[in-house]
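Peer 1:
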Amino acid sequence: RGNEGDMGVAWRGRSGHGDGVHVLTGPVWVCGAEPGDVLQVDILDLKPRINPSTGKAYGSNAAASWGYQFVAGFLDGIKREVITIYELMLQPGGDAYVAVPDYQFRYGQWPGSPNQGYRGPVTNCTITTGSMQNIANGLVETFDNTAETFRKNLTV
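In terms of our numbering, the sequence shown opens at residue 396 and continues consecutively.
1. Tell me the DSSP secondary structure of Gly488 in three-state form.
2. Among all the DSSP beta bridges, which residues are the ones paired with Thr449?
3. Counting only the same chain and skipping the five closest in sequence on each side, list residues whose C-beta sits under 6 Å from that of Thr479.
4. List the DSSP bridge partners of Leu483.
5. Using DSSP with H/G/I as helix, E/B as strand and the rest coil, what is Val477?
6. Taking 8 Å as the CB-CB limit, is Ala428 close to chain D?
7. From Leu441 to Trp424, what does the alpha carbon distance come to, in whole angstroms?
8. Using only the alpha-carbon positions, how far apart do Pro487 and Val477 sit?
9. Glu482: which of Asp490, Ile438 and Arg444 sits nearest, CA to CA?
10. Within 10 angstroms of its Cβ, does Ala491 collect 16 or more other Cβ (buried), or is it exposed?
11. Taking buried to mean at least 16 other C-beta atoms within 10 Å of its own C-beta, is Glu536 buried or exposed?
12. To the nearest angstrom, report how far apart Leu485 and Val493 are at their CA atoms.
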């Protein structure tokens, strides 16, 4: 629990301006709106919030046991829970960002494990990003999204 901002919601270590429970879903305050009103929201601009200490921005994606990716499986057909951390990198020309997979955590069983539990971190996702260190005592495994997929996404 963080400090209370002017909006009466915990800051929780984000920008320090009372962003709310979640910066994408609110709560938000709209002048004149009442409970039950339907709001139309047009997003005119969207930029990542850069960490002033590092100059970088990160995001994450979960293939959790309740989500589509888990049910669909990965390229090898094995179902597993995976959290991937992405670094948002500005493309040459400065007009678009690309989410580059940077680090990955896996949950569940692995060889030699008597039960399920937290497994990660297990891998740097690509050799090219290098922003986060592999701290799994040298254990490096294949990234669940293929390098070919990464290259295609980077050039789009």
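Glycine included, C-beta positions come from ideal geometry on N, C-alpha and C.
Peer 2: On the basis of the coordinates in this document:
1. coil
2. Bridge partners of Thr449: none, in fact.
3. Asn456, Pro496 and Gln499
4. Ala452 and Ala494
5. strand
6. Reference to chain D is not applicable here, since this structure consists of a single protein chain.
7. 19 Å
8. 30 Å
9. Arg444
10. exposed
11. Any reading at Glu536 is ruled out, since the residue's pLDDT is 37, under 50, leaving its predicted position unreliable.
12. 6 Å
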